[in-house]
Structure formats: structure tokens, C-alpha cells
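One structure is given here, and the rest of the page talks about it.
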Amino acid sequence: MNSQKAVQQSLRRFAVQQPYAMRWSLMNSASPAAVALGRNVQKRHTSTSRPSDPTKILAQQRLNRPVSPHLSIYRPQITWIGSASNRIAGIILSGGLYLFSTAYLASPLLGWHLESASVAAAFGALPLLAKVALKGTVAFPFAYHSLNGLRHLMWDAGRGFTNQQVIKTGWTVVGLSAVSALLLAFL
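Take the sequence shown: its position 36, counting from 1, is numbered 119 in the numbering used here, and each next residue is one higher.
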């Protein structure tokens, strides 16, 4: 009995404070009898045209979707630049190795002379600037990938995970890679 009075009082307060909201909720609510008889079933209207190819509908929906801004909205950070650079350096090094080893294995069949003496003689005949440029081109990805690998081993040991340490070690790897590449290029 007390609970019924509490509900009635709260409904009266609600009706006095928001009379239109009360009428709207009562008008749009279905009675239990309407629900039981199935008179309050929600319906979706179908289109009058015949359904077309689902792949065309999907293609049209994709054209209407917004395009993600992807990298254009992000400020470049050493973390993702370093990650991408490490992968690119690894691809350059492994791609060069696979290319040379395939050429070395195929050289007897093709008549090429890629043995050590021929390669050393060809490299020795290059001008000094070409030698430095060629060695620097190979040395920088090697130095960067190696030093960044040490950085990842340090992370695997559970050290250097704060933002300041990650930024500091990222720039340290870039600097040491440049210095190492120059030293290796001029040797």
C-alpha cells in the first residue's frame, strides 16, 4: 500500500513538472492488451524497387563512408618513425642480400664474374666519392638496424619503457647510426 502511494506521488510530481512529457509517454506507450494482440508491432517499410546486386550496394555504401585521415592528422613522433625505419632498413638489407646471393648462385650459368676477386677489383676501380657513397648506402641501414635491434633487446629485458627513455633512446640510435655510417663509409 505504501509503495503504491509512493509511485502515485512520483507520477503526480512528474506530471506537474513536465506535463507534456507525461502525455507524450502515455500516448506513445502500448497497452498490455495491444502488445498481447499483436497490434503494437513495429514495422519497417520496404522499398518499392527490386533489390539490385548486393556487391553494387556495398560498393555504393563504401563510396559514401568518410575517409579516415590516417597519418595526415598525426604529428610525427620518433616512436613510429623509428619503427617504420627499422622495418625499411631490414627490408633493404635482406633484399640486397637475397639479390646478391641469387646473382652469385646464377653467375656461372649466366657467365658473370661475381667471385670475390672480381668484385674487389671492380670496387677498387671506382672513384673515391663513389666508394664512400656506396659504402654509406650500405652502412647506414646496417648500423641503424643493428643499433635499433639492441634497443629492442633492452626493451625485451624490461628496461626503458617510459616515454622520456623511449624518445631519448630513439634519437640516440639515430645519432649513433649516422656517426657509425660515416665512420664505416670512410674506412
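Glycine residues also receive a C-beta, built at the ideal position from the N, C-alpha and C atoms. All figures in this text were calculated on a predicted structure; none of them were measured in a lab.
Q: Select from 262, 89, 231 the residue whose C-alpha is nearest the C-alpha of residue 170.
A: 231
Q: Please name the residue in 228, 236, 85 whose C-alpha comes closest to that of residue 174.
A: 228
Q. Quick one: what's got a C-beta closer than 7 Å to residue 308's C-beta in the same chain, skipping five residues either side?
A. With the chain covering only 84 through 270, there is no way to say anything about residue 308.
Q: Flag residue 89 as yes when its Cβ comes closer than 8 Å to any non-hydrogen atom of the ligand MN, and as no otherwise.
A: Of ligands this structure carries none, so the ligand MN is not represented either.
Q) Is the Cβ-Cβ distance between residue 249 and residue 162 less than 9 Å? A) Going by C-beta atoms, residue 249 is nearer than 9 Å to residue 162.
(Q) Within 10 Å of its beta-carbon, does residue 216 have 16 or more other beta-carbons around it, so buried, or fewer, so exposed? (A) Looking at its Cβ environment, which holds fewer than 16 other Cβ atoms inside 10 Å, residue 216 is exposed.
Q: Sort 179, 235, 218, 184 by Cα distance to residue 270 and report the nearest one.
A: Minimum Cα distance to residue 270 is reached at 218.
Q: Less than 8 Å between the CB atoms is what I'm expecting for residue 172 and residue 224, so what's the real figure, rounded?
A: 4 Å
(Q) Quick check on residue 262: buried or exposed, where buried means 16 or more other Cβ atoms within 10 Å of its Cβ? (A) exposed
Q. In this structure, does DSSP put residue 201 in helix, strand or coil?
A. helix
**Q.** residue 223: first and last residue of the uninterrupted alpha helix (DSSP H) it sits in
**A.** Bounds of the alpha helix (DSSP H) holding residue 223 are 211-239.
Q | Rounded straight-line distance, which links the Cα of residue 213 to that of residue 254 | A | Going from the Cα of residue 254 to the Cα of residue 213 covers about 28 Å.
Q | Presumed contact (8 Å Cβ cut-off) between residue 268 and residue 222, rounded CB distance | A | 5 Å
(Q) Can you tell me whether residue 245 is helix, strand or coil according to DSSP? (A) coil
Q: Alpha carbon to alpha carbon, how far is residue 208 from residue 220? Give it in angstroms, no decimals.
A: C-alpha separation (whole angstroms): 18 Å.
Q | Nearest-angstrom Cα separation, counted from residue 205 out to residue 199 | A | If you take the alpha carbons of residue 199 and residue 205, they lie about 10 Å apart.
Q) Run through DSSP, which three-state label would residue 269 get? A) Coil at residue 269, not helix or strand.
Q. What span of residues does the alpha helix (DSSP H) with residue 208 cover, start to end?
A. Careful: residue 208 lies outside any alpha helix (DSSP H) and carries neither H nor E.
(Q) So, with DSSP's three-state summary, where would you put residue 195? (A) coil
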